[in-house]
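So the structure is just underneath, and the comments pick up after that.
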Amino acid sequence: MDIKQNIAPVTSTLSRRVPPWLIFLSSAICGTLLALHTIMGFPVFSMLLNRQPVFAASESTLCTTPAVRQEWRTLNNHQKLEYIAAVQCLHRIPSISHLQGAKTRFDDFVALHVVSTDAVHNVGHFLPWHRRFLNVYETALRNECGFKGALPYWDWSLDVASGRPLAESPVFDRVFGFGGNGADIDGYEGSFGNKSMLASAGWVAPGSGGGCVTDGPFAQFMLSVGPGYDITDHCMTRAINDNMQPFLTPALVAALMPLTTFEEFRIELEGTPVTETLRVHDAGHNAVDGEMGDRYSSPGDPLFYLHHAFLDKIWWDWVQMDYSSRVKDISGRSTVNPPHVDVTLDFELDMGMLAPPVTIREVMDVPNQLLCHTYE
Ligand SMILES: [Cu+2]
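Its first residue numbered 1, the sequence shown is counted upward by one per residue in UniProt numbering.
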């Protein structure tokens with residue numbers, strides 16, 4: 001077929017119908033825009049073409065180079081300090097969540113967890129909700145605090161395997177970590193909301209400390225939300241507990257991998273009160289204790305994100321062992337109290353004012369467009 005013959009009549013018809021003054025005017029406008037674009041480096045054309053809101057645009061960017069989430073002790077000192085600085089930055093900038101008590105962007109995440117706790121624990125979407133929660137936190141560190149790296153994780157089973165006290169873990173380093181234990185409180189008996197959990201687990205004795213963290217980059221770190229449902233200005237506390245070590249062994253992590261259904265996996269990972277004794281999720285919280293042992297306000301300790309990133313990695317490792325079936329496997333009740341249904345891939349994960357809701361389906365595969373990270 002002769003292409004020229006097909007195009008020629010269209011062009012000539014156009015030039016016959018459009019008056020010359022309109023062609024002149026259009027080229028003048030286009031020329032001005034082009035000049036602005038090239039001289040000022042101003043994205044005139046993209047501004048005119050891009051009608052998407054900023055948030056949606058940044059979220060729909062294709063995942064070409066996923067952020068590699070690494071274990072804390074494998075980061076070099078420079079990377080560790082950059083991450084710590086980004087968390088401190090989030091703690092300086094003002095809240096946007098409109099959630100009660102939240103003063104800073106860091107508080108926003110604590111406050112969202114507090115109001116969501118009863119809806120997102122001991123349910124089928126426990127792992128997907130926390131995966132999205134970490135994703136929104138990591139995005140805030142990057143977009144609002146200029147963080148270039150990936151959210152690190154804390155593999156506490158390495159500390160248990162070392163045979164050393166947990167307080168000697170690199171995550172508790174005073175310079176290249178999150179600081180050490182809380183100040184000693186005489187007769188410390190475990191933090192708010194924690195005693196009944198410990199009792200139902202056959203009473204694991206509490207650790208030491210219990211007061212404010214007094215050293216490292218988060219010494220006297222002030223929180224506005226928590227403990228529990230309270231809205232109080234208080235310091236971040238810790239009570240590192242070596243009695244949790246038997247619940248955090250490498251063998252226990254390995255024992256999760258052969259479980260064949262998501263239903264067994266999620267229950268075995270999350271722990272009490274659905275299980276009778278502690279599992280890696282709740283034992284990890286209670287090993288740091290203080291703020292981290294608080295069911296509601298645990299994200300007040302920056303270590304929350306490293307602990308949950310490791311739980312998220314364990315889930316992803318489990319999926320990869322039988323990818324084609326496990327990447328679609330989701331189950332569990334939608335609410336703790338009846339009436340409840342079983343969650344499906346269409347179930348929505350609510351992030352309040354912090355980010356748009358996404359479905360469980362959108363967070364099942366790692367890395368994908370939305371999450372854009374992977375684990376090392
Ligand atoms: Cu949680």
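Note that the Cβ used here is the ideal one computed from N, Cα and C, for glycine as well.
Every value quoted in this text rests on a predicted model; they were computed, and no experiment measured them.
- Shown here for V68: same chain residues with a beta carbon closer than 8 Å to its own, the five before and five after excluded, namely A150, H373, T374, Y375, E376 in chain order.
- Contact between I185 and G211 holds, since their C-beta atoms are separated by about 5 Å, short of 8 Å.
- For V288, the closest C-alpha among the options G180, I84, P66 is that of G180.
- Straight-line spacing of the CA atoms in H78 and H340 works out to 48 Å.
- For C212, the enclosing beta strand (DSSP E) has its first and last residue at 210-213.
- It is roughly 9 Å from the alpha-carbon of H98 to the alpha-carbon of G352.
- Within the same chain, V136 come within 6 Å of A355 by CB-CB distance, once the 5 residues on both sides are set aside.
- For R69, the uninterrupted beta strand (DSSP E) run begins and ends at 67-69, by DSSP.
- Distance check between G300 and each of I330, V87, A251, L166 places V87 closest, using alpha-carbon atoms only.
- Residues F262 of the same chain have their beta carbon placed closer than 6 Å to that of D329, with the five preceding and five following residues left out of the count.
- The beta carbons of V123 and V363 sit no closer together than 8 Å.
- With contacts defined as CB atoms closer than 8 Å, D242 and P165 qualify as a contacting pair.
- Relative to the non-hydrogen atoms of ligand 1, the Cβ of H91 never comes closer than 7 Å to any of them.
- Under the rule that a run must span 4 or more residues, the alpha helix (DSSP H) segments found entirely inside the segment 135-199 read 156-162.
- Here E168 is exposed. Its C-beta has fewer than 16 other C-beta atoms within 10 Å.
- In this structure Y323 is exposed. Its beta-carbon is surrounded by fewer than 16 other beta-carbon atoms within 10 angstroms.
- The C-beta distance from P152 to Q70 rounds to 6 Å, short enough to meet the 8 Å contact threshold.
- Around ligand 1, the residues selected by a Cβ distance under 6 Å to any of its heavy atoms are H113, H121, H130, following chain order.
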